[in-house]
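Let me begin by presenting the structure, written as structure tokens, before commenting on it.
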Amino acid sequence: MPVPNDTSAKFAAYAHPGRLVSTEWVAEHAKDPDVVLVESDEDVLLYETGHIPGAVKVDWHTELNDPVTRDYVDGEAFARLMSDKGIGRDSTIVVYGDKSNWWAAYALWVFTLFGHEDVRLMDGGRAKWIEEGRDITTEVPSPAPGEYPVVARDDARIRAYLPQVRESIGTVPMIDVRSDDEYTGRRTHMPNYPEEGALRGGHIPTARSVPWARAANEDGTFKSADELRTIYQQELGLEPNQDIIAYCRIGERSSHTWFVLEHLLGFDNVRNYDGSWTEWGNAVRVPIVQGDEPGEAPAAS
Amino acid sequence: MTETATELPAALQEIVDEFAELPPQDRLQLLLEFSNGLPELPSRFQDHPELLEPVPECQSPIFLITEVEDDDTVRLYFSAPPEAPTTRGFAGILQEGLDGASADVVAGVPSDLPLRLSLTQAVSPLRLNGMSGMLSRIQRQVAEKTN
């Protein structure tokens with residue numbers, strides 16, 4: 001039996017209302033046998049300090065990334081991971097995490113690379129749950145192993161690689177979701193400021209700056225459908241059927257924006273460039289623009 | 001030229017050994033213990049947070065200050081929120097390993113300390129950079145305060 005959606009009015013206005021659930025919904029459905037709660041944080045120890053009862057942990061660094069190649073795990077490793085967490089192909093996964101759900105959105109995006117159908121985010125993430133004084137525990141569940149099938153990862157629809165991004169400059173709208181200082185390139189030139197794993201600062205030519213946080217309220221929940229449409233459709237003039245590429249530093253903040261465009265606004269062809277600035281800012285002879293303006297596509301050579 | 005690793009102060013070496021002896025899956029638990037064990041900021045600093053130096057290399061907010069006593073003994077103080085347990089854990093290691101050491105000993109801690117903690121598999125490289133940031137700021141402050 002399918003797990004019901006959260007029918008709150010805020011979510012009903014989104015393009016795919018089933019992709020978000022509230023903390024109330026989670027409190028009510030956490031014990032539903034078809035629901036698996038997954039906490040995915042930037043901070044690798046945060047889950048251990050306390051989490052929603054019954055939630056399993058998925059770590060982006062040790063469990064979703066391949067340990068050798070800079071890539072995601074393959075179908076077999078993913079099947080093992082999911083099975084270990086007690087997740088089946090038909091499970092309803094609800095992901096939540098720290099930092100306004102950056103890493104939760106990232107995990108959701110990776111799960112989508114493997115075509116997991118029913119994966120949702122908890123609006124407001126970990127901070128909202130704790131702020132509301134709801135139960136947390138340090139008890140780590142030992143779920144009965146699931147039987148997750150080996151499914152080949154399919155990157156084509158929602159993931160962009162550097163060569164594709166490079167070819168798309170000037171034809172595909174790009175969104176840089178990092179902070180202003182990262183976008184302009186100021187940050188890597190500030191004295192005593194740490195370099196962020198990139199040799200060059202700035203942004204991909206033509207990319208518009210829309211820091212991820214513009215899509216979020218103060219409490220980490222997503223803004224309303226109307227507010228989001230104002231930013232991405234009116235202000236940026238993006239169309240729901242257009243190809244779009246989003247990037248940040250390593251693809252985590254842009255997963256947040258990808259989620260907004262794909263699921264809350266219902267855009268069809270949004271890709272996350274997960275190589276992002278730690279790849280582009282280190283690559284030899286790729287074009288870079290510094291300063292506030294998006295800049296022009298370089299002339300064909 | 002042969003490469004020899006610079007020796008760590010005994011207290012830090014003990015911590016490094018403790019991590020290395022644990023099976024990989026238990027190392028995070030030990031880091032959590034350091035996180036939980038990080039002493040509270042003394043009230044004289046709680047009332048004057050502006051005295052503490054931020055460490056922007058860390059992905060979570062952390063502030064630190066050192067004191068060098070008349071006999072060159074170094075004291076370390078950190079402030080980091082509970083929702084940043086990894087950063088707190090690294091601060092806890094530095095606190096336990098270096099608080100009470102002499103200024104010379106602190107100055108001599110090799111910068112590759114974070115890489116010796118047997119955590120490179122479990123913790124992302126940016127996180128380990130953050131610990132390097134804390135160490136280099138501690139060393140700079142101590143150098144300034146002993147001159």
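Those protein sequences? They're chains Z and L, same order as listed. So in the UniProt record's numbering, the last one in the first sequence is 301, and the numbering has no gaps at all. So in the UniProt record's numbering, the last one in the second sequence is 147, and the numbering has no gaps at all. Backbone N, C-alpha and C fix where the C-beta goes; we use that ideal spot for every residue, glycine too. Please read these numbers as outputs of a predicted model, since none were measured by experiment.
Neighbouring residues, chain L, relative to residue i (Cβ below 8 Å)
i, result
"Z/Leu45", "Leu28, Leu31, Leu32, Ser35, Pro85, Thr86, Gly89"
"Z/Asp98", "Glu83"
Neighbour list for residue i in chain Z, Cβ cutoff strictly below 7 Å
i, result
"L/Ala122", "Val44, Thr62"
Chain L residues whose Cβ lies nearer than 9 Å to that of residue i
i, result
"Z/Gly275", "The contacting residues do not exist; Z/Gly275 stays about 16 Å from chain L at best."
"Z/Gly197", "Pro125, Leu126, Asn129"
"Z/Thr49", "Leu32, Ser35, Asn36, Pro82, Glu83, Pro85"
Whole-Å CB distance - residue i paired with residue j, under 8 Å assumed
i, j, result
"Z/Arg187", "Z/Pro211", "So it is not a contact: roughly 13 Å between Cβ atoms."
"Z/Thr137", "Z/Glu48", "About 11 Å separates the two Cβ atoms, so there is no contact after all."
"L/Leu38", "L/Arg88", "5 Å"
"Z/Trp258", "Z/Asn269", "The pair is not a contact, with the Cβ atoms about 11 Å apart (cut-off 8 Å)."
"L/Val123", "L/Thr86", "7 Å"
"L/Leu146", "L/Asp72", "Per the sequence presented here, residue 146 of chain L reads as Thr, with Leu not at that position. Correct: roughly 7 Å between the Cβ atoms."
"Z/Gly146", "Z/Phe114", "With 8 Å as the limit, Z/Gly146 and Z/Phe114 do not qualify as a contact, their Cβ atoms being about 14 Å apart."
"Z/Ala27", "Z/Arg126", "Not quite, the Cβ-Cβ distance comes to about 14 Å (not below 8 Å), so this is no contact."
"Z/Tyr72", "Z/Arg153", "7 Å"
"Z/Ala198", "Z/Val260", "In fact, because the Cβ distance is near 25 Å, the residues do not count as touching under 8 Å."
"L/Leu119", "L/Phe34", "At roughly 11 Å, the Cβ-Cβ gap does not stay under 8 Å, so L/Leu119 and L/Phe34 are not in contact."
"L/Ile62", "L/Ala91", "6 Å"
Fill in: Selection of the stretch 58-83 of chain L by Cβ proximity to chain Z, strictly under 8 Å
Gln59, Ser60, Pro82, Glu83
Practice prompt. Would you mind listing the beta strand (DSSP E) stretches within the stretch 102-142 of chain L that are 3+ residues and don't spill past its ends, in chain order?
Written response: none
Worksheet item: Of the residues that make up the stretch 15-43 of chain L, which ones have a beta carbon closer than 9 Å to any beta carbon in chain Z?
Response: Leu28, Gln29, Leu31, Leu32, Ser35, Asn36
Discussion item. Counting only Cβ-Cβ distances shorter than 9 Å, please list the residues of the stretch 123-146 of chain L near chain Z, keeping chain order.
Written reply: Val123, Ser124, Pro125, Leu126, Arg127, Asn129, Gly130, Gly133
Item to complete: May I ask you to verify whether the stretch 278-295 of chain Z touches the stretch 67-79 of chain L, counting CB pairs closer than 8 Å and requiring at least 3?
Response: no
Item to complete: Would you list, in sequence order, the uninterrupted beta strand (DSSP E) runs of no fewer than 3 residues that lie entirely inside the stretch 5-79 of chain Z?
Response: 35-39
Item to complete: Report yes or no: do the stretch 39-55 of chain Z and the stretch 157-174 of chain Z share at least 3 C-beta pairs separated by less than 8 Å?
Response: no
Worksheet item: Are at least three pairs of beta-carbons, each pair with one atom in the stretch 39-48 of chain Z and one in the stretch 7-19 of chain Z, less than 8 Å apart?
Response: no
Worksheet item: At which residue ranges does the UniProt domain "Rhodanese" (168-289) of chain Z contain complete beta strand (DSSP E) runs of 3 or more residues, listed in the order of the chain?
Response: 174-176, 243-247, 269-273
Worksheet item: Does the stretch 167-183 of chain Z come within contact of the stretch 202-217 of chain Z, defined as at least 3 CB pairs closer than 8 Å?
Response: yes
Item to complete: Check whether the stretch 11-24 of chain L touches the stretch 212-223 of chain Z, taking contact to mean three or more Cβ pairs, one atom from each stretch, closer than 8 Å.
Response: no
Worksheet item: Taking three-plus beta-carbon pairs below 8 Å as touching, is the stretch 92-102 of chain Z in contact with the stretch 111-129 of chain Z?
Response: yes
Discussion item. Three or more C-beta pairs under 8 Å: does that hold for the stretch 33-51 of chain L against the stretch 69-86 of chain Z?
Written reply: no
Item to complete: Determine contact between the stretch 131-144 of chain L and the stretch 104-121 of chain L, defined as no fewer than three beta-carbon pairs at a distance below 8 Å.
Response: yes
Worksheet entry | Continuous beta strand (DSSP E) assignments of at least 3 residues falling wholly in the stretch 9-78 of chain L | 63-68
Item to complete: Can you check the stretch 127-171 of chain Z for any alpha helix (DSSP H) of at least 4 residues that lies completely inside it and give the ranges in chain order?
Response: 162-168
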